[in-house]
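>
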Amino acid sequence: MVVADTQTQELWGISTDRKPLILCVDDTPSLLEGQKLLLEENGYQVLIASNGLDAVKAFVSNSVDLVLLDYHTPGMNGCLAAARMKDSKPGVPIALISGDEDVPPTDLKSIDCSLSKSETISSFLEKVDHLLRLHLETRRI
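Heads up: the sequence shown is residues 18 to 158, going by the working numbering.
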């Protein structure tokens, strides 16, 4: 997998000693572990959190390049966690992942992209790659 990792890093124009870091947040352990394995197999570093408060702490404490955030998280919903993250680091993209189609529009102010939990793996990875490219291009400007 070293070849894929190097190709991925070259694609993003980053040094080969640092893979993009993605923070995954979900309160369902099986979904969280599945996301983590999928993303790591595709050349990303992954942090995980099972609730909004831990997610905000991990986000503030690390150089996160992308957040994949479940809407329904205990203690603090995903949109409130996203707002706190954007207050801290406004340039980091945050994708809301939800099985709900009825997320109130007012909750989406701090969200850069919405993904469905029923998203195909290839579509999910394409969107992750797109959000990371936008973020890394913005950082270079």
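The C-beta atom is built at its ideal place from N, Cα and C for all residues, glycine as well.
Given the structure is predicted, the values throughout are model-derived calculations rather than measurements.
Check for me: the alpha helix (DSSP H) holding Ser47 runs from which residue to which?
Element bounds for Ser47: 46-58.
> Take Leu148 and list the residues in its own chain whose beta-carbon comes closer than 8 Å to its own, dropping the five residues that flank it on each side.
Closer than 8 Å at the Cβ level, and outside the excluded window around Leu148, lie Leu83, Pro110, Ala112, Asp129, Cys130.
> Which residues in the same chain as Gly92 place their Cβ atom closer than 7 Å to its Cβ, once the five residues preceding and following it in sequence are excluded?
Hits under 7 Å: Asn68, Gly69, Leu70.
> Can you give me the Cβ contacts of His152 inside the same chain, cut-off strictly under 8 Å, excluding the 5 residues immediately before and after it?
Cβ within range, chain order: Asp82, Leu83, Gly108, Val109, Pro110.
> Restricting to runs no shorter than 3 residues, where is the beta strand (DSSP E) found entirely within the stretch 121-151?
List check, beta strand (DSSP E) in window: 130-133.
> To the nearest angstrom, how far is the alpha carbon of Leu64 from that of Lys126?
One C-alpha to the other measures close to 24 Å.
> Look at Leu85 and Gly95 and say whether their C-beta atoms are less than 7 Å apart.
Not a contact, by the Cβ cut-off of 7 Å.
> Quick one: using the 10 Å Cβ neighbour count with 16 as the cut-off for buried, is Val42 buried or exposed?
Classification for Val42: buried.
> Hey, how far is the Cα of Leu38 from the Cα of His89?
Straight-line Cα distance between these residues: approximately 22 Å.
> For Lys137, collect the residues of the same chain with a Cβ closer than 6 Å to its Cβ; drop the 5 residues on either side in sequence, then sort them by chain order.
Note on identity: in this sequence residue 137 is Thr, with Lys being the wrong assignment. Cβ within range, chain order: n/a, list empty.
> With which residues is Leu113 paired in a DSSP beta bridge?
Answer by DSSP bridge pairing, in chain order: Leu86, Ser131.
> Among the residues of its own chain, which have a CB less than 8 Å from the CB of Ser80, if the five just before and after it don't count?
Excluding residues within five positions, the ones whose Cβ falls inside 8 Å are Leu38.
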